[in-house]
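This report concerns only the one structure given below.
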Amino acid sequence: MIRIALIDDEEHALDMLEILLLDIGIVNIIGKFTNPFHALDEMDRMDVDAVFLDIEMPGMKGLELARKIRELHKDIQIIFTTAHSDHAVEAFDIQSTDYLLKPISRERLKKAVSRLKERPTSKILRYVYGQCLNRFQIHISGDVHKPVQWRTSKEKELCAFFIHHYGKVIDREVIINELWPELNYEKARAYLYTCISYLRKTFQAHDILAEIKKVGKGYILEIEHFICDVNVFEEKIETVLLNESIDEDTYNQLDLLYRGEYMAEDDYLWSVQKSIELRKKYKHSLQKLYDISKKENSPFALVVLQKLFNISPDSEKYGRELIKLYIQMGNRSEAIKVYFQLEKAIYEELGVSLEDETVKLYETLIIQPTFSRTD
Numbered sequence: 001m002i003r004i005a006l007i008d009d010e011e012h013a014l015d016m017l018e019i020l021l022l023d024i025g026i027v028n029i030i031g032k033f034t035n036p037f038h039a040l041d042e043m044d045r046m047d048v049d050a051v052f053l054d055i056e057m058p059g060m061k062g063l064e065l066a067r068k069i070r071e072l073h074k075d076i077q078i079i080f081t082t083a084h085s086d087h088a089v090e091a092f093d094i095q096s097t098d099y100l101l102k103p104i105s106r107e108r109l110k111k112a113v114s115r116l117k118e119r120p121t122s123k124i125l126r127y128v129y130g131q132c133l134n135r136f137q138i139h140i141s142g143d144v145h146k147p148v149q150w151r152t153s154k155e156k157e158l159c160a161f162f163i164h165h166y167g168k169v170i171d172r173e174v175i176i177n178e179l180w181p182e183l184n185y186e187k188a189r190a191y192l193y194t195c196i197s198y199l200r201k202t203f204q205a206h207d208i209l210a211e212i213k214k215v216g217k218g219y220i221l222e223i224e225h226f227i228c229d230v231n232v233f234e235e236k237i238e239t240v241l242l243n244e245s246i247d248e249d250t251y252n253q254l255d256l257l258y259r260g261e262y263m264a265e266d267d268y269l270w271s272v273q274k275s276i277e278l279r280k281k282y283k284h285s286l287q288k289l290y291d292i293s294k295k296e297n298s299p300f301a302l303v304v305l306q307k308l309f310n311i312s313p314d315s316e317k318y319g320r321e322l323i324k325l326y327i328q329m330g331n332r333s334e335a336i337k338v339y340f341q342l343e344k345a346i347y348e349e350l351g352v353s354l355e356d357e358t359v360k361l362y363e364t365l366i367i368q369p370t371f372s373r374t375d
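In full-length UniProt numbering, the protein residues as written are 1 to 375.
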């Protein structure tokens, strides 16, 4: 069956298209997306033969998304769906398979699907996706909602440790000291061999082309067609840091990738330093985006500053800046709300009161009962 993904910012349009396609048959719908950035992020993790793509979407137009998809996967067939006919020439410049005008009839859709059947497609690679942000998981393209299941928690931790040091040989002593520090050496070594055996069987059971190689007194994990969210995340951060203009697309991609701190839910002691480094880099990139947006008087400054405050709710620097920005916008209620959120976070996290500068800022708010909202 032809494996397809549907992308449209309107939920009801997605539902109608899905109903028609399921009625026609011969297709397997493996993904539905209303957010183009989310769709692009998931594309590497799905074996997709074709994409049904709406042209008019907020944030990223369908034509732009099609080009980005083609940059990553030149063999994916694209069928555009739109309520307007004025993009037809540009759509076919992208070498789309078809161009459907809404409302889409069953017969017209059937004809488009038949073109997908007739057109030979290259075999799409089966990607293995490592998720390290928030919690550690391994996903396989085409089955992104069902992560790999582990026999034991230590098997999972061993895999996470290999991914943490991906591309490097890890000395056996280092693995034992980090994963089994409380055990005597012989018992810990036996557990290591058992977990390596479990891990190899897990990869085999999920058809993951992976090899745990013994190199000297250490081991290295190699996985074919492997993608890790942290690598993509760090690349996007570098893009922001090297750019001197507002880059909303990259911000949105960072926002989608950042599900939480590095392996936060797993609580591995050996992952703490990496978590601190990543968080610092992310905040640095957001600070740069905020500084540029503020300098250009862009409304995007508020979006970025809210994100900075969300990831550092006990930061008086970001809290005060956000209060000041809301005051400038004439939004007194939000400014007061931020003050109380900050006060609570500071007390719960640090057990101290707010700095005088922050308190004085709040006092100016309650002294001025009203102020006009700017355009």
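In this text, a Cβ means the ideal position worked out from N, Cα and C, and glycines have one as well.
On a predicted model such as this, the values are computed, not experimentally measured, just so you know.
In the three-state reduction of the DSSP assignment, Thr358 falls in the helix class. Around the C-beta of Val352, fewer than 16 other C-beta atoms lie within 10 Å, and the residue is accordingly described as exposed. As summarised for the region 292 to 317, there are no continuous beta strand (DSSP E) elements at least 3 residues long confined to that stretch. Setting aside the 5 residues that flank it on each side, Ser105 has no residue in the same chain whose C-beta is closer than 8 Å to its C-beta. Cβ neighbours of Asp171 within its own chain (closer than 7 Å, five residues either side excluded): Lys217, Gly218. Cys228: member of the beta strand (DSSP E) spanning 226 to 228, first to last residue. The beta carbon of Ala264 sits closer than 6 Å to the beta carbons of Asn134 from its chain, once the five residues preceding and following it are set aside; these are given in chain order. Contact between the region 196 to 211 and the region 244 to 256 is absent: fewer than three C-beta pairs spanning the two stretches fall below 8 Å.
Taken atom to atom, the span from the alpha-carbon of Thr358 to that of Lys307 is near 20 Å. Residues Glu334, Ala335 of the same chain have their beta carbon placed closer than 6 Å to that of Tyr326, with the five preceding and five following residues left out of the count.
Lys61 sits in coil when the DSSP states are folded into three classes, being neither helix nor strand.
In the structure shown, Gly130 adopts extended strand secondary structure according to DSSP, grouped into three states. Around the beta carbon of Asp356, a 10 Å sphere encloses fewer than 16 other beta carbons of the protein chains shown; the residue is thus reported as exposed. Under DSSP, Gly216 takes part in no beta bridge, so it has no partner. When C-alpha distances from Tyr362 are compared across Glu348, Leu350, Tyr347, Leu342, the shortest belongs to Leu342. When beta bridges are read from the DSSP output, Phe80 appears opposite Leu53, Tyr99.
Taking the C-beta atoms as reference points, Leu14 is found no nearer than 8 Å to Asp23. Shortest Cα-Cα distance from Thr152 to any of Tyr262, Arg108, Glu277, Ser197 involves Ser197.
For Leu221, the beta-bridge partners assigned by DSSP are Ile212. In the displayed model, His164 falls within a helix according to three-state DSSP. For Leu21, the CB contacts under 6 Å within the same chain, skipping 5 residues up- and downstream, are Val27 in chain order. When Cβ pairs closer than 8 Å are counted between the two stretches, the region 219 to 227 is seen not to touch the region 268 to 281, the count staying below three. Per DSSP, Ile4 is one residue of the beta strand (DSSP E) stretching across 2 to 7.
Note that the C-beta distance between Ile94 and Arg115 is not below 8 Å. Of the candidates Glu238, Arg45, Asn35, Asn35 places its Cα closest to the Cα of Gly59. For Ile55, same chain residues with a beta-carbon under 8 Å away, outside a window of 5 residues either side, are Lys61, Gly62, Leu63, Phe80, Thr81, Thr82, His84, His87, Ala91 in chain order. Rounded to whole angstroms, Glu348 and Arg279 show a C-alpha spacing of 21 Å.
In this structure the region 227 to 247 does not touch the region 170 to 189; the number of beta carbon pairs closer than 8 Å is below three.
Spanning the alpha carbons of Leu256 and Lys283 requires a straight line of approximately 15 Å.
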